[in-house]
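Residue numbers for the sequence shown follow the working numbering, so the first one is 1 and each next one is one higher.
What follows is a set of notes on a single structure, which appears directly below.
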Amino acid sequence: MGNLFVESFQKLGTTELMLLLLNVIMAIAMSLVVFLAYRITYRGVAFSKKFMISLGMMCIVTTIIMNVISNNVALSLGLVGALSIIRFRTAVKDVRDATYIFWCIGIGICCGVSMYAQAAIGTAAIFLFLIVWGQTRSDGKFLLVVKSNAEAQGNVEAAVKGYFNKHAHMRARNSRHDQVDFIYELGHRDVIKAQDRHSISIAETLLKLEGVLSVDLVQQNDDISR
């Protein structure tokens, strides 16, 4: 067993060993850029250090695999066949997490075949793109949820339209027995302008109406991780 281990190093050669180490070092260096970009642009609630470590491991593993199969067609075909039977069922909570995974795979592929310039240029371009656009936020949406008696639904609709100057979009109206639930979609700017114009919140306005049971104004996000 020990002889096989020594022979494998002897077959590898000093030049190939140094090239492998250089490839791994470059992959680690560029994975640090990925870490930095992920840390700066992440806006979720629960920051996962395990995911960051997994990204670095992915860069190194992909680099080693590419270094092994780069000059061996048989190994490359065998690897494709082996990976085709693997199924990853881990749910990705954020769409951008999947892009970071592909980013690390790309770094590993480039570093594994010693294409450092391509890896560096691509990493720099993605990093700058994330810094510029990754921290931008949309105007934001609000959901206005109103519960009222059936007799008050006409007054509720009129009050909402008048308060927001017809900028409120009704998304749902659920009726059951003598109760009606309204769901309106509102723009963030529309909410601010309406409050400045009336000097009173929409909740206070609606709760003054007879038959209104509750009023909730909820901020709507594009995903559950924010």
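Where a beta carbon is used, it is the ideal one built from N, C-alpha and C, also for glycine.
Local conformation of residue 25 per DSSP, three classes = Taking the sequence shown and counting its residues from 1, the one referred to as residue 25 is at position 25. Of the three classes helix, strand and coil, the one that applies to residue 25 here is helix, per DSSP.
Contiguous beta strand (DSSP E) assignments of at least 3 residues, all confined to the segment 149 to 219: Listed in chain order, they are 169 to 176 and 179 to 187.
Nearest CA to the CA of residue 174: which residue from 187, 183, 52 and 120? Residue 174 sits at position 174 when you count from the first residue of the sequence shown. Ranking 187, 183, 52 and 120 by Cα distance to residue 174 puts 183 first.
Would you call the CB atoms of residue 202 and residue 128 closer than 9 Å?
Your numbering for residue 202 matches position 202 in the sequence shown. Your numbering for residue 128 matches position 128 in the sequence shown. Against a cut-off of 9 Å, the Cβ pair of residue 128 and residue 202 comes out as no contact.
With 16 other Cβ atoms within 10 Å as the buried cut-off, status of residue 172: Here the question's residue 172 lines up with position 172 in the sequence shown. Exposed is the call here.
State the DSSP-derived secondary structure class of residue 113, mapped to helix, strand or coil.
Translated into positions along the sequence shown, residue 113 becomes position 113. Note: residue 113 maps to coil in three-state DSSP.
I'd like the list of long-range same chain contacts for residue 22, defined as Cβ closer than 8 Å, with 5 residues on each side in sequence excluded. Locating residue 22 in the sequence shown gives position 22, counting from the first residue. Closer than 8 Å at Cβ, skipping near neighbours: 114.
Cβ separation of residue 62 and residue 109, assumed to be a contact under 8 Å, to the nearest whole Å: Locating residue 62 in the sequence shown gives position 62, counting from the first residue. Locating residue 109 in the sequence shown gives position 109, counting from the first residue. Distance from residue 62 to residue 109 at the Cβ level is roughly 6 Å; contact confirmed, criterion being Cβ atoms closer than 8 Å.
Residues of its chain near residue 190, where Cβ-Cβ distance is below 6 Å and the 5 sequence neighbours each way are ignored:
Your numbering for residue 190 matches position 190 in the sequence shown. Closer than 6 Å at Cβ, skipping near neighbours: 164 and 167.
**Study point:** DSSP bridge partner residues for residue 145 (one or two, in chain order)
**Key:** Locating residue 145 in the sequence shown gives position 145, where the first residue counts as 1. Per DSSP, 183 and 216.
Q.
Comparing C-alpha positions only, which one of 20, 130, 56 and 131 sits nearest to residue 101?
A. For the purposes of this step, residue 101 is identified with residue 101 of the sequence shown, where counting begins at 1. Checked all of 20, 130, 56 and 131; the closest Cα to residue 101 is 56.
Where does residue 43 fall in DSSP's three states?
Counted from its first residue, the sequence shown places residue 43 at position 43. Correct three-state label for residue 43: coil.
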